[in-house]
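Here is the structure we will look at.
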Amino acid sequence: MNDPKPSAGLPARANGPRVRFAPSPTGFLHVGSARTFIFNWLFARRNRGTMILRLDDTDVERNTEASVNSIFEGLRWLGLGWDEEYKQSERLGLHRQMAEAIFQKGLAYRDFTPARSGESEQSGAQGTWLFNPGMRELSHEESDRRAAAGEPFALRYRVPRNSGREVRFVDAVYGAQAKLADDIEDFALLRSDGMPTYHLASCADDADLRISHIIRGQDHLTNTFKHILIFEAAGATPPQFAHLPLLVAPDGSKLSKRRHGPVVSVTTYRDAGFLPEAFVNFLCLLGWSPKDNREKMSREELVEAFSLEGINRANAVVNFKEEDPFDPKAVWLNAEHIRGLTVEDLSERLLPIVRGAGFDVDASKMLKVTPLIRERIKLLRDVLTAADFFFVGQLPPYDPAELIPQKGDAAMALKVLKHARDVLSQTEFQHPVLEEALRAAAQDLGIKTGQMFQPIRVAVCGRKNAPPLFETLEVLGRDTSLARIEKALQKP
RNA sequence: GGCGCUAUCGUCUAGGGGUUAGGACGGAAGAUUCUCAAUCUUCAAACCCGGGUUCGAUUCCCGGUAGCGCUACCA
């Protein structure tokens with residue numbers, strides 16, 4: 014059921030770049046992860062490369078099936094697809110092989126120190142735990158003996174000490190990077206239960222899958238030095254790296270479910286009525302720019318314009334508020350994309366939402382309502398508040414005072430509605446005809462058109478702000494319109 | 001603490017040794033209009049600080065500050 018979907022865009026070339034999105038299934042699909050996926054996908058499509066989805070599920074403790082489902086659900090909604098799919102937990106043999114090879118070369122050592130219990134870390138307030146000489150310098154004999162005796166151990170990379178060695182790489186976004194090996198700790202390759210760590214598994218798979226470009230969050234920028242060391246120890250050529258600035262909350266902190274709630278989950282945007290293409294567009298503009306002032310861009314335009322050079326280096330704020338959970342620009346872009354949809358397309362997307370809310374509406378009715386609200390909704394779900402009166406038999410109660418027109422009184426409202434009833438009962442319910450008839454009616458009564466239309470609008474829609482009156486009447490039809498006017502006549 | 005990264009309007013960003021520092025969202029005002037929306041016009045709004053280099057720095061260099069990241073047998 015989780016089959017990779019065929020990707021859109023140019024077909025991949027056999028010798029094109031290979032990129033991967035490698036989420037760890039420990040939660041729902043995060044907006045930051047979605048953006049990373051999108052940038053990888055864009056890069057792959059732009060360069061006729063291959064997009065790979067790899068579940069980095071080596072943390073048995075925290076992985077959940079629900080999370081795997083949530084990630085697929087989110088990715089499916091984005092509708093971008095991928096070409097190959099792997100699960101890290103099914104490749105453990107490969108990881109252990111690489112660990113063993115590194116160990117055989119003497120570039121890693123067994124660490125018999127018992128694992129630190131979760132909380133009690135933060136030990137060396139004075140300095141970093143770079144390495145433990147006792148374990149690092151353990152003799153082969155003793156190391157073998159203790160291992161043979163079944164004592165558990167973690168396998169650690171033997172990072173060069175006092176060698177003056179600098180580990181370097183060139184990041185496509187952040188430029189030349191260098192770090193003294195002395196500042197890199199002896200990180201773990203294998204846990205004492207034999208499971209590979211993220212660093213090992215990730216590098217082993219990247220090498221094995223012939224990943225050419227690693228495009229991922231900037232939180233991995235400093236980890237990359239360790240990865241270079243691993244690739245080197247395994248005799249593999251490191252891929253190219255491109256780190257992405259992070260998405261952060263308005264206060265600059267990183268987005269977290271606990272602190273910021275559902276706005277960090279992709280499904281929240283889907284459920285609120287974002288168009289996937291608008292959401293993708295929005296995310297692209299966070300930390301990347303086409304540099305030509307374009308904002309609204311289609312998928313094709315994004316693919317065409319995308320390049321690593323356009324990626325920015327500073328973190329980007331997702332500008333949400335407590336009262337206003339979505340970034341205003343995301344909402345605006347969504348409205349922009351909605352307006353760009355054909356009536357048929359929009360109507361089809363609206364229908365399930367309207368039905369889901371309990372309204373009994375058929376496709377042809379929806380198709381007639383859609384053009385009246387297309388420019389009035391920002392999120393798909395807005396259809397429920399913008400067009401509800403089209404879908405109900407009876408209007409919910411409203412304040413009769415609303416029927417009174419500007420600079421008018423209850424008597425005028427009454428006069429207008431009575432006249433409207435008479436006119437509408439013998440007018441063809443068709444937009445231009447209705448307009449002509451009602452304008453004439455206003456003239457008859459010697460009032461302004463606004464004063465004429467407003468009471469009718471409220472009587473028929475139950476509110477002051479609504480789509481244009483004549484189109485609305487046409488869609489509503491004579492029976493419903495007259496019944497509602499009749500009902501309004503009982504009110505004041 | 002150590003190491004690394006970053007710094008242009010409130011937010012997303014363009015730019016780059018000499019510019020009226022550009023665009024967009026949001027905000028304000030106005031036009032249009034049967035209300036709302038859409039659309040159009042206008043306005044307010046920014047180069048973190050301090051030193052250099054230079055005839056000239058927002059731009060280049062250094063320092064500071066602030067923010068973020070890594071510093072787990074998480075990823």
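Residue numbers for the first sequence follow this note's numbering, beginning at 14 and rising by one. Quick reminder that beta carbons are idealized off the backbone N, C-alpha and C, glycines included. Predicted model, so just to flag it, every value in this text is computed and none were measured.
Check                                                                                                        : Outcome
Beta-carbon gap between L437 and L502 smaller than 8 Å                                                       : no
Same chain only: Cβ atoms within 6 Å of P585, ignoring 5 sequence neighbours per side                        : What the structure shows of the chain is the stretch from 14 to 505, and residue 585 is not part of that stretch, so it cannot be assessed.
Backbone CA spacing between G406 and P468 [nearest angstrom]                                                 : 19 Å
With 16 other Cβ atoms within 10 Å as the buried cut-off, status of G131                                     : Its pLDDT being 39, under 50, G131 is placed unreliably by the model, and nothing is read from it.
P19 classed as buried or exposed, judged by whether at least 16 other C-beta atoms fall within 10 angstroms  : Interpretation of P19 is limited by its pLDDT of 46, a score under 50 that renders its predicted location unreliable; no figure is taken from the coordinates.
Other residues of its chain near W54: CB distance less than 6 Å, five sequence neighbours each side excluded : M64 and L93
Ranges of the alpha helix (DSSP H) found wholly within the region 211-268, counting only runs of at least 4  : 211-221 and 236-246
Top-ranked residue by Cα proximity to T493, from R434, K504 and V446                                         : R434
For W301, three-class secondary structure by DSSP                                                            : strand
Collapsed DSSP secondary structure at E198 in the structure displayed                                        : coil
Residues near V471 by beta carbon distance below 8 Å, same chain, minus five either side                     : Y411, E415, L416, K477 and A501
Residue range of the alpha helix (DSSP H) that includes A57                                                  : V44 to R59
Length of the line joining the Cα atoms of D157 and A167                                                     : 13 Å
Counted within 10 angstroms of its Cβ, other Cβ atoms place W95 as buried (16 or more) or exposed            : buried
Backbone secondary structure at D492 - three-state DSSP                                                      : helix
Sequence-distant residues of its chain with Cβ nearer than 8 Å to L380 (five each side left out)             : V356, E357 and S360
Backbone CA spacing between Q101 and S37 [nearest angstrom]                                                  : 10 Å
Buried or exposed (CB count within 10 angstroms, at least 16 for buried), G300                               : buried
Burial state of Q135, where buried means 16 or more other Cβ atoms lie within 10 Å                           : Low per-residue confidence applies at Q135: pLDDT is 41, beneath 50, and the placement is therefore not dependable, though the value from the model is reported in the following sentence. Answer is exposed; the Cβ neighbour count stays below 16.
Beta-ladder partner(s) of R123, from DSSP                                                                    : L168
Option nearest T398 by Cα separation, candidates G265, A370 and P413                                         : A370
Neighbourhood of L107 by C-beta, 8 Å cutoff - its chain only, sequence neighbours within 5 removed           : A217, D218 and D221
Rounded separation between R362 and L393 - CA only                                                           : 8 Å
Where Q139 falls: helix, strand or coil (DSSP)                                                               : Low per-residue confidence applies at Q139: pLDDT is 45, beneath 50, and the placement is therefore not dependable, though the value from the model is reported in the following sentence. Q139 falls in the coil class under three-state DSSP.
Contact check, Q464 vs P418, beta carbons under 8 Å                                                          : yes
CA-to-CA distance, A27 to G87, given in whole angstroms                                                      : 28 Å
Anticipated Cβ contact below 8 Å, L120 with Y170, distance rounded                                           : 7 Å
At least 3 beta-carbon pairs within less than 8 Å: the region 282-289 vs the region 326-336                  : no
Close beta carbons around K304, own chain, < 8 Å, minus the five adjacent residues each side                 : G323
Close Cβ partners of Y282 (< 8 Å) along its chain, the five nearest in sequence each way excluded            : V44, F292, F339 and A343
Proximal residues to E487 (C-beta, below 7 Å), its chain only, five neighbours per side dropped              : F442, Q443, H444 and L447
Cβ pair count under 8 Å reaching 3, the region 73-80 against the region 311-319                              : no
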